[in-house]
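Remarks on the structure that follows.
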Amino acid sequence: MTYPFYLIHDVVGAAMLGGLTRAGVPCLAAIPIVGAAMIAVSWLIAAEAEPRIDATADRAQVWNCLHSA
Numbered sequence: 001m002t003y004p005f006y007l008i009h010d011v012v013g014a015a016m017l018g019g020l021t022r023a024g025v026p027c028l029a030a031i032p033i034v035g036a037a038m039i040a041v042s043w044l045i046a047a048e049a050e051p052r053i054d055a056t057a058d059r060a061q062v063w064n065c066l067h068s069a
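Per the numbering used here, the very first residue in the sequence shown carries number 1; after that it's consecutive.
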């Protein structure tokens, strides 16, 4: 979960923080909101997207091995 967080926190987190503060949310309230959202999205990526990507990559590797022989 740490790597997805590392990948998204800078750009997506900064965009969310800027959007919330421009919408009038106080900075001290926007920071924990964005932090919680980044953790939730990181968990979602790690729990849902990464296993599907791994499975797809594994199938593609098997497919390539079968056709290269």
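All residues carry an ideal CB built from backbone N, CA and C; glycine is no exception.
- Between R52 and T2, the alpha-carbon positions lie close to 18 Å from each other.
- For V25, the secondary structure class from DSSP, reduced to helix, strand or coil, is coil.
- Under the three-state reduction of DSSP output, M1 falls in the coil class, being neither helix nor strand.
- Three or more Cβ pairs drawn from the stretch 3–16 and the stretch 30–38 lie within less than 8 Å of each other, which places the two stretches in contact.
- Annotation for W43: M1 place their beta carbon closer than 6 Å to its own, counting only its chain and skipping 5 residues before and after.
- For the pair P26 and A57, the Cα-to-Cα distance works out to about 43 Å.
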